[in-house]
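Only one structure is covered here, and it is reproduced in the block below.
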Amino acid sequence: KGLEEGLEKGQVTALAKTALKLLSRKFGPLPEELKSKISKLDSVTLEIIIDGIFDYESLDDVKKYIN
Numbered sequence: 001k002g003l004e005e006g007l008e009k010g011q012v013t014a015l016a017k018t019a020l021k022l023l024s025r026k027f028g029p030l031p032e033e034l035k036s037k038i039s040k041l042d043s044v045t046l047e048i049i050i051d052g053i054f055d056y057e058s059l060d061d062v063k064k065y066i067n
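Here full-length UniProt numbering is used: position 33 in the sequence shown is 33, and no number is missing along the way.
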């Protein structure tokens, strides 16, 4: 069970890093508050954000998944 939790946490961390990297490449430097919120999201939400990266026109499009 501990191993599964560790793997899940690692996956969430990797997804958060990927989301942050893609968003910063698309929109430039991200606000610290947004980076902090993204780092705390679950894997499903992070996958949704990553999947929609090419559809976002602004960070407001991303924020609707966070708030």
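Just so it is clear, CB atoms sit at the ideal spot from N, CA and C, and this is done for glycine as well.
Short Cβ contact (8 Å threshold) for residue i with residue j
i	j	result
Leu30	Ser39	no
Ser43	Leu20	no
Lys26	Tyr56	yes
Proximity to residue i [Cα-Cα], best of the options
i	options	result
Ile17	Glu5, Leu34, Glu4	Per the sequence shown, the amino acid found at residue 17 is Lys instead of Ile. Comparing Cα positions, the closest option is Leu34.
Thr13	Asn67, Asp60, Thr45	Thr45
Own chain residues within Cβ distance below 8 Å of residue i, not counting five before or after
i	result
Leu22	Ile50, Ile53
Ile48	Tyr65
Ser58	Phe27
Glu8	Ser43
Gln11	Ser43
Local Cβ density within 10 Å of residue i, reported as buried at 16 or more and exposed below that
i	result
Leu3	exposed
Cβ-based neighbour list, residue i, same chain, cut-off 7 Å, excluding 5 preceding and 5 following
i	result
Val62	Leu23, Ile49, Tyr56
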